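Protein chains in written order, with this note's numbering: chain D, 1 to 188; chain C, 189 to 376.
Structure first, then comments.
Protein chains: 2
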Amino acid sequence: MKQLDLRIIKTKESLKEALMLLLKEKALNSISVTEICRLAKVNRGTFYTHYGQVENLFEEYFKEIMQNLKDSYLEPYKYAWTIHTQELNPATIRIFHHIEKYEEFYRIVFSKTAPLNYYYLLFDHLQQLLDEDMRLHGNDKIDTGMLSAYQANAILGLVIEWHRQDFKQTAEEMNKLLVELLKYITRP
Amino acid sequence: MKQLDLRIIKTKESLKEALMLLLKEKALNSISVTEICRLAKVNRGTFYTHYGQVENLFEEYFKEIMQNLKDSYLEPYKYAWTIHTQELNPATIRIFHHIEKYEEFYRIVFSKTAPLNYYYLLFDHLQQLLDEDMRLHGNDKIDTGMLSAYQANAILGLVIEWHRQDFKQTAEEMNKLLVELLKYITRP
DNA sequence: TTTTTTAATGAACAACTGTATGATAAAATT
DNA sequence: AATTTTATCATACAGTTGTTCATTAAAAAA
Numbered sequence: 001m002k003q004l005d006l007r008i009i010k011t012k013e014s015l016k017e018a019l020m021l022l023l024k025e026k027a028l029n030s031i032s033v034t035e036i037c038r039l040a041k042v043n044r045g046t047f048y049t050h051y052g053q054v055e056n057l058f059e060e061y062f063k064e065i066m067q068n069l070k071d072s073y074l075e076p077y078k079y080a081w082t083i084h085t086q087e088l089n090p091a092t093i094r095i096f097h098h099i100e101k102y103e104e105f106y107r108i109v110f111s112k113t114a115p116l117n118y119y120y121l122l123f124d125h126l127q128q129l130l131d132e133d134m135r136l137h138g139n140d141k142i143d144t145g146m147l148s149a150y151q152a153n154a155i156l157g158l159v160i161e162w163h164r165q166d167f168k169q170t171a172e173e174m175n176k177l178l179v180e181l182l183k184y185i186t187r188p
Numbered sequence: 189m190k191q192l193d194l195r196i197i198k199t200k201e202s203l204k205e206a207l208m209l210l211l212k213e214k215a216l217n218s219i220s221v222t223e224i225c226r227l228a229k230v231n232r233g234t235f236y237t238h239y240g241q242v243e244n245l246f247e248e249y250f251k252e253i254m255q256n257l258k259d260s261y262l263e264p265y266k267y268a269w270t271i272h273t274q275e276l277n278p279a280t281i282r283i284f285h286h287i288e289k290y291e292e293f294y295r296i297v298f299s300k301t302a303p304l305n306y307y308y309l310l311f312d313h314l315q316q317l318l319d320e321d322m323r324l325h326g327n328d329k330i331d332t333g334m335l336s337a338y339q340a341n342a343i344l345g346l347v348i349e350w351h352r353q354d355f356k357q358t359a360e361e362m363n364k365l366l367v368e369l370l371k372y373i374t375r376p
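In structure tokens:
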């Protein structure tokens, strides 16, 4: 009967809370283990029994956001899109709104110093969503795996451009832009 | 009359050489400043007067490869492609061969721990090449900036997938794959 | 060649890293 | 409630980091 030790839960919560506080002040790559432990009032050795480095702690936060991405996809629609229903599938439509909602988080994930791993993880989640959606509603004669990979790339490319332009567009505008681009590409 | 001090050149060369040696043994993110300086027989303080961190030293190597990417684009064709001349522009055709040539380098650049910054730098170079090519040979009624950004994303997405599959395809196969994908996308 | 400039050096510094220890106390098990 | 398990703790260690400073020596300028 393996029960989760309450001490572990408390320690992890303290560490996460400390990291969240620090992230509002400084960049992820400039936050030290010592700093987190001081703020969390947790022994430094204890940090190392759970996480090897600050990034591993951040990844727990990452997983939460990814779960939310998936959840928001399963939720009934509630955004202000209208025209794109036929042109974009639900997973695509929602990704921009999701990112808009967690802008602070994605500023970290797409910052210059962030490890490429976050990009890969995000890619995997997005591809999976697109792939599931295609198999449910799409043409089943095509290789959904390859196509979802290509589409995930296209969308993430657009998201990166969005980030580089400091998220100045709204999520709705990004959806429109994607539709325009697809129109241009598919009708040369 | 600002002349480049010979001592600086020698120091930088030693440091670079040491980094290159270490990169053959271990990952970039596990190489310490101390280690490089020990091997290069350069004082650690001297390292810090030129570079703030190991990544900055690596970026000099990065610039070299980017220069080569540009050079190889200006060179006359010498690869074994035939069919794609009408379907892909020269910059696109060459990128896969270039990456194949410097596979070792790109394994580092696309590794999970590599900072996203390398991706951004590579993107910028690629986009510039595509944009130049479009303005020379392409339709000048369209927004080449936006289009080159989209194309650079599509190609880099494919390259990332290539890396994740351990570069098992040849550069020529990657060109063919891109042509196939574009065909599929533009003829739905 | 001599003088001037300045890059490289060695040494020292506080702070952080990653790891290991036995002691303590909180939780789970009986 | 008593016992067992184990997470956390304080402490210590050698090694790395990033910085500073006076000294040395190599290069550039005169």
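Where a beta carbon is used, it is the ideal one built from N, C-alpha and C, also for glycine.
Here the structure is a predicted model, which means the values were calculated and not measured.
Cα-Cα separation between residue i and residue j, rounded to whole angstroms
i	j	result
residue 338 of chain C	residue 157 of chain D	7 angstroms
residue 216 of chain C	residue 296 of chain C	7 angstroms
residue 227 of chain C	residue 120 of chain D	34 angstroms
residue 50 of chain D	residue 112 of chain D	27 angstroms
residue 88 of chain D	residue 205 of chain C	51 angstroms
residue 357 of chain C	residue 223 of chain C	35 angstroms
residue 33 of chain D	residue 53 of chain D	7 angstroms
residue 31 of chain D	residue 48 of chain D	15 angstroms
residue 192 of chain C	residue 144 of chain D	56 angstroms
residue 134 of chain D	residue 246 of chain C	42 angstroms
residue 160 of chain D	residue 136 of chain D	28 angstroms
residue 355 of chain C	residue 366 of chain C	15 angstroms
residue 21 of chain D	residue 211 of chain C	36 angstroms
residue 225 of chain C	residue 213 of chain C	16 angstroms
residue 220 of chain D	residue 171 of chain D	In the structure as shown, chain D begins at 1 and stops at 188. Residue 220 of chain D is therefore absent and cannot be evaluated.
residue 364 of chain C	residue 71 of chain D	37 angstroms
residue 316 of chain C	residue 118 of chain D	26 angstroms
Short Cβ contact (9 angstroms threshold) for residue i with residue j
i	j	result
residue 153 of chain D	residue 302 of chain C	no
residue 56 of chain D	residue 102 of chain D	no
residue 105 of chain D	residue 65 of chain D	yes
residue 96 of chain D	residue 174 of chain D	yes
residue 146 of chain D	residue 207 of chain C	no
Best match in the options for proximity to residue i [C-alpha to C-alpha]
i	options	result
residue 99 of chain D	D:117, D:145, D:126, D:120	D:126
residue 350 of chain C	C:368, C:333, C:298	C:298
residue 14 of chain D	D:147, D:42, D:23	D:42
residue 60 of chain D	D:35, D:133, D:9	D:9
residue 279 of chain C	C:251, C:331, C:336, C:194	C:336
residue 130 of chain D	D:7, D:176, D:118, D:93	D:93
residue 116 of chain D	C:260, C:331, C:352	C:352
residue 232 of chain C	C:213, C:261, C:200	C:200
residue 320 of chain C	C:194, C:365, C:261	C:261
residue 7 of chain D	D:37, D:46, D:71, D:176	D:46
N-terminal and C-terminal residue of the alpha helix (DSSP H) that residue i is part of
i	result
residue 90 of chain D	90-101
residue 231 of chain C	No alpha helix (DSSP H) contains residue 231 of chain C, which DSSP labels as neither H nor E.
residue 342 of chain C	332-352
residue 258 of chain C	242-262
residue 110 of chain D	Careful: residue 110 of chain D lies outside any alpha helix (DSSP H) and carries neither H nor E.
residue 321 of chain C	304-325
residue 16 of chain D	6-23
Heavy atom of the ligand SAH within 8 angstroms of residue i beta-carbon
i	result
residue 367 of chain C	Ligands displayed in this structure: none; no statement on the ligand SAH is therefore possible.
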